[in-house]
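Those protein sequences? They're chains U and L, same order as listed.
Using the numbering used here, the letters of the first sequence map in sequence onto residues 1 to 398.
Using the numbering used here, the letters of the second sequence map in sequence onto residues 399 to 626.
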Amino acid sequence: MDLAVHDLKQHRGRFLATVFGVGLLFTIVLAMNGLYRGNIQEGLALIKAANPDLWIVERGRGGPFNEQSTLPEHYRYSVQAAPGVAQANAFIYYSVERQIGGQSRHFSIVGYEAPDGLGGPQRILAGRSISHAHYEMVAHPKLGVGLGEQVALGLHTYTVVGLTKEAISPDGDPIVYLSLPDAQEVLYQRDNQEIRSARDQLLRNLASQGVSGSQAERLLNPLQADTHTINAILVRLQLGANRATVARDVDKWLYLSAFSTDDEVDLMLKGRLASMSKQLLLFRTLLLVISVVILALVVYTFTMEKIRSIAVMKLIGAPNRVIIRLVMEQSLLLTVSAFAFGLVLIQNTYTFFPRTIVLLSADHLMTFAIAVAGGVLASVLGLWQALTTEPAMALGGG
Amino acid sequence: MEILQIQGLAKTFGTGHLEVRALADIDLTVSTNELVALLGPSGSGKTTLLLCLSLILEPTAGTIVFDGQPIYQQGWTGVDMRRVRREKIGFVFQSHNLIPFLTAKQNVLFPLSLIGQERAAAERRAMELLDYMEIADRADFLPAVLSGGEQQRVAIARALANNAKLILADEPTAALDTQRGMRVMALLKEIARENQSAVIVVTHDMRMIEGFDHVYHMKDGRLDPSRA
Numbered sequence: 001m002d003l004a005v006h007d008l009k010q011h012r013g014r015f016l017a018t019v020f021g022v023g024l025l026f027t028i029v030l031a032m033n034g035l036y037r038g039n040i041q042e043g044l045a046l047i048k049a050a051n052p053d054l055w056i057v058e059r060g061r062g063g064p065f066n067e068q069s070t071l072p073e074h075y076r077y078s079v080q081a082a083p084g085v086a087q088a089n090a091f092i093y094y095s096v097e098r099q100i101g102g103q104s105r106h107f108s109i110v111g112y113e114a115p116d117g118l119g120g121p122q123r124i125l126a127g128r129s130i131s132h133a134h135y136e137m138v139a140h141p142k143l144g145v146g147l148g149e150q151v152a153l154g155l156h157t158y159t160v161v162g163l164t165k166e167a168i169s170p171d172g173d174p175i176v177y178l179s180l181p182d183a184q185e186v187l188y189q190r191d192n193q194e195i196r197s198a199r200d201q202l203l204r205n206l207a208s209q210g211v212s213g214s215q216a217e218r219l220l221n222p223l224q225a226d227t228h229t230i231n232a233i234l235v236r237l238q239l240g241a242n243r244a245t246v247a248r249d250v251d252k253w254l255y256l257s258a259f260s261t262d263d264e265v266d267l268m269l270k271g272r273l274a275s276m277s278k279q280l281l282l283f284r285t286l287l288l289v290i291s292v293v294i295l296a297l298v299v300y301t302f303t304m305e306k307i308r309s310i311a312v313m314k315l316i317g318a319p320n321r322v323i324i325r326l327v328m329e330q331s332l333l334l335t336v337s338a339f340a341f342g343l344v345l346i347q348n349t350y351t352f353f354p355r356t357i358v359l360l361s362a363d364h365l366m367t368f369a370i371a372v373a374g375g376v377l378a379s380v381l382g383l384w385q386a387l388t389t390e391p392a393m394a395l396g397g398g
Numbered sequence: 399m400e401i402l403q404i405q406g407l408a409k410t411f412g413t414g415h416l417e418v419r420a421l422a423d424i425d426l427t428v429s430t431n432e433l434v435a436l437l438g439p440s441g442s443g444k445t446t447l448l449l450c451l452s453l454i455l456e457p458t459a460g461t462i463v464f465d466g467q468p469i470y471q472q473g474w475t476g477v478d479m480r481r482v483r484r485e486k487i488g489f490v491f492q493s494h495n496l497i498p499f500l501t502a503k504q505n506v507l508f509p510l511s512l513i514g515q516e517r518a519a520a521e522r523r524a525m526e527l528l529d530y531m532e533i534a535d536r537a538d539f540l541p542a543v544l545s546g547g548e549q550q551r552v553a554i555a556r557a558l559a560n561n562a563k564l565i566l567a568d569e570p571t572a573a574l575d576t577q578r579g580m581r582v583m584a585l586l587k588e589i590a591r592e593n594q595s596a597v598i599v600v601t602h603d604m605r606m607i608e609g610f611d612h613v614y615h616m617k618d619g620r621l622d623p624s625r626a
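This is how it looks when you write it as structure tokens:
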């Protein structure tokens, strides 16, 4: 006889309310699982999409995504000349906020040596890749632009020639691919007043050092900030070349740091993505603990309400396993129902979240196992109360 | 046939100057088909004796032989006591004590499920008992919607479900009006006569004991021989 089910049928309202409440908590836990996976997927998307044999960055820096790395653009020629290197291309990456379609949009720009340089979009969803040196862009649909649309960035207007979904920035922002010079121009673009003011300041500095006016005018251009900088050089190795050897040579002779794509992934996982992952783990743990505490209280209340019935059951000879089954089954029914509710809810709502939510069956199974263990734990208090109930309680005094 | 033999039963609580003697020198024999009443005021030890007979309170001294088996012998555990209770003893309580989330029929089925009776046979037996108690038409109702008398009849049906050799009834009429109380007592008498069971009823209501085979008065933890 299934006592737990009979009892829950009598407390249908409270059972459903508990399933709803705890189910919402499980929804958040599952969403955080998905957010954790999404955070990693987004954080690594660009690295995996580019997937060169080596990422060359400023020496001692873990760039270009985990840490800032700045290199003169011409370094790529030195890298290209290194033994074992088949192809070396400049790569630039930065985040901007601009008005697009009348709305302020935050997105990241990738500049690569179009059309065939490493680091460009690999899988075009619609349209084509960048084929001209200037004024073309490939964008993520999340940016809200359509194929053929004209987008003003700084002083120029760019045509959306392709759409790609393969990459998203580590911050979850859409990516815009531009040719390298366009990306540098957008990055270093300044308004005229700012340019004039910088020139005047430079001339005053030179004058204060005793440089004459005509000499200062001649020195102005060479002394102004160089805009031909990049963040990394992406390398494709020659067939049969040893990655470690090339990386060692780059480090030793060019005073740069070289990482494989796996190293880049590792840098991100241990660096920029780690704190977010820890944060999410902490939240998930807290929410699971809260769920278990709520379940424990509900199961305890259910048990306390039945304590006289439990005494009667014991008096008429019910073995402990009948009592244990009653309490434990209720706890597990609540846990499993709440989890199922949470799972159905997240499966039907995860696309509405602003950040990428990646739902994996393995995560669901793991969370379910923890939830069930929590459900068993939640029944401990009720079980203890039930098992220590004296059958004499069923009899009146006299 | 003697179903219960009690000799020199005593129960004390506490020690030293805090010692309370709840039962002393109880000798009692109950046979099959006998209807026995235990009377006495509050605190006289009726419930303590009932607890000892229910195998949930171990006496300090004396012996209880139930159905030829010495109880509380060395090596007996709570599991053994529960087995005897579910197989051989039926309980009727003061406040019915039906399991509130089970229907009348399910309440009767419950002890049958504990002794592992096959489902269809158990269902038949439960309906027979409810029919015997003239409450079969209320079989699918929850206790909350049954009257006090109906609940007590379901409780008696439950007590009979396992073909108990001994039925212990603790103030079974306390929560009923006189008419319904008389009806319940009549049922208990009928059970004692027809079911090869012995019935021990603890009560303080003198009006309810007419027709009992033995009536024992309890006072200060002892059976009063002058009034047996």
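Glycine included, each C-beta is placed from N, C-alpha and C at the ideal position.
Residue i at chain U interface by Cβ criterion, 8 Å
{"i": "Phe491 (chain L)", "result": "yes"}
{"i": "Asn495 (chain L)", "result": "yes"}
{"i": "Ser511 (chain L)", "result": "yes"}
{"i": "Leu500 (chain L)", "result": "yes"}
{"i": "Phe610 (chain L)", "result": "no"}
{"i": "Phe508 (chain L)", "result": "yes"}
{"i": "Gln549 (chain L)", "result": "no"}
Proximity test, Cβ basis, 8 Å: residue i and chain L
{"i": "Val292 (chain U)", "result": "no"}
{"i": "Val32 (chain U)", "result": "Just to set this straight, residue 32 (chain U) is Met in the shown sequence, not Val. Not one chain L Cβ lies under 8 Å of Met32 (chain U)."}
{"i": "Phe352 (chain U)", "result": "no"}
{"i": "Ala318 (chain U)", "result": "yes"}
{"i": "Gly398 (chain U)", "result": "At Gly398 (chain U), the pLDDT of 35 sits below 50, so the modelled position is not reliable; the number obtained from the coordinates is stated separately. By this cut-off, Gly398 (chain U) is an interface position."}
{"i": "Arg308 (chain U)", "result": "yes"}
{"i": "Met1 (chain U)", "result": "yes"}
{"i": "Val312 (chain U)", "result": "yes"}
Secondary structure of residue i, DSSP reduced to three states
{"i": "Asp7 (chain U)", "result": "helix"}
{"i": "Trp384 (chain U)", "result": "helix"}
{"i": "Thr164 (chain U)", "result": "coil"}
{"i": "Leu333 (chain U)", "result": "helix"}
{"i": "Lys142 (chain U)", "result": "helix"}
{"i": "Tyr36 (chain U)", "result": "helix"}
{"i": "Gln41 (chain U)", "result": "helix"}
{"i": "Leu267 (chain U)", "result": "helix"}
{"i": "Ile565 (chain L)", "result": "strand"}
{"i": "Ile513 (chain L)", "result": "coil"}
{"i": "Phe403 (chain U)", "result": "Chain U is shown from 1 up to 398; residue 403 (chain U) falls before or after that span and cannot be answered."}
{"i": "Gly117 (chain U)", "result": "coil"}
{"i": "Asp200 (chain U)", "result": "helix"}
{"i": "Ile607 (chain L)", "result": "coil"}
{"i": "His156 (chain U)", "result": "strand"}
N-terminal and C-terminal residue of the beta strand (DSSP E) that residue i is part of
{"i": "Glu417 (chain L)", "result": "Premise fails: Glu417 (chain L) is in no beta strand (DSSP E) and is neither H nor E."}
{"i": "Phe107 (chain U)", "result": "103–112"}
{"i": "Ile100 (chain U)", "result": "85–100"}
{"i": "Trp55 (chain U)", "result": "54–58"}
{"i": "Gly406 (chain L)", "result": "400–411"}
Anticipated Cβ contact below 8 Å, residue i with residue j, distance rounded
{"i": "Leu273 (chain U)", "j": "Gly21 (chain U)", "result": "No, Leu273 (chain U) and Gly21 (chain U) are not in contact; Cβ-Cβ is about 32 Å, not under 8 Å."}
{"i": "Met606 (chain L)", "j": "Met583 (chain L)", "result": "5 Å"}
{"i": "Val265 (chain U)", "j": "Asp53 (chain U)", "result": "At roughly 14 Å, the Cβ-Cβ gap does not stay under 8 Å, so Val265 (chain U) and Asp53 (chain U) are not in contact."}
{"i": "Ile290 (chain U)", "j": "Leu25 (chain U)", "result": "6 Å"}
{"i": "Ile124 (chain U)", "j": "Leu178 (chain U)", "result": "Between Leu178 (chain U) and Ile124 (chain U) the Cβ distance is about 15 Å, and since that is not below 8 Å, they are no contact."}
{"i": "Val428 (chain L)", "j": "Leu496 (chain L)", "result": "Contact doesn't hold; Cβ gap of about 26 Å is too wide."}
{"i": "Ile130 (chain U)", "j": "Asn231 (chain U)", "result": "No, Ile130 (chain U) and Asn231 (chain U) are not in contact; Cβ-Cβ is about 18 Å, not under 8 Å."}
{"i": "Ile589 (chain L)", "j": "Val597 (chain L)", "result": "6 Å"}
{"i": "Met531 (chain L)", "j": "Ala555 (chain L)", "result": "5 Å"}
{"i": "Tyr614 (chain L)", "j": "Ala435 (chain L)", "result": "7 Å"}
{"i": "Ser452 (chain L)", "j": "Leu315 (chain U)", "result": "7 Å"}
Span of the alpha helix (DSSP H), counted from its first residue to its last, around residue i
{"i": "Tyr614 (chain L)", "result": "No alpha helix (DSSP H) holds Tyr614 (chain L); the beta strand (DSSP E) holding it covers 612–617."}
{"i": "Phe283 (chain U)", "result": "272–305"}
{"i": "Ile589 (chain L)", "result": "576–592"}
{"i": "Tyr78 (chain U)", "result": "Position check: residue 78 (chain U) holds Ser in this sequence, whereas Tyr was assumed. Taken as a continuous stretch (DSSP letters only), the alpha helix (DSSP H) holding Ser78 (chain U) covers 75–80."}
{"i": "Thr501 (chain L)", "result": "Unbroken run through Thr501 (chain L): none, as it is neither H nor E."}
May I ask you to list, following chain order, the residues of the stretch 438–454 of chain L that have a beta carbon less than 7 Å from some beta carbon of chain U? Within the stretch 438–454 of chain L, the qualifying residues are Ser440, Lys444, Thr445, Leu448, Leu449, Ser452, Ile454.
Listed in chain order, which residues of the stretch 365–395 of chain U have Cβ atoms closer than 9 Å to some Cβ of chain L? For the stretch 365–395 of chain U, which is checked against every Cβ of chain L, the residues closer than 9 Å are Glu390, Pro391, Ala392, Ala394, Leu395.
Could you please tell me which residues of the stretch 314–340 of chain U, in chain order, have their CB closer than 9 Å to any CB of chain L? Lys314, Leu315, Ile316, Gly317, Ala318, Pro319, Asn320, Val322
Cβ-based contacts, 8 Å cut-off: residues of the stretch 561–587 of chain L near chain U: If the cut-off is 8 Å between Cβ atoms, the stretch 561–587 of chain L has Asp568, Glu569, Ala572 near chain U.
Using a Cβ-Cβ cutoff of 7 Å, what residues of the stretch 124–151 of chain U are near chain L? List them in chain order. none
For the stretch 465–486 of chain L, enumerate the residues whose C-beta is nearer than 8 Å to any C-beta of chain U, in chain order. Val477, Arg480, Arg481, Val482, Arg483, Arg484, Glu485
Proximal residues, the stretch 9–41 of chain U versus chain L, C-beta separation under 9 Å: Lys9, Gln10, His11
When Cβ atoms are compared, which residues of the stretch 510–544 of chain L fall closer than 7 Å to chain B? You won't find chain B in this structure, because its protein chains are U and L.
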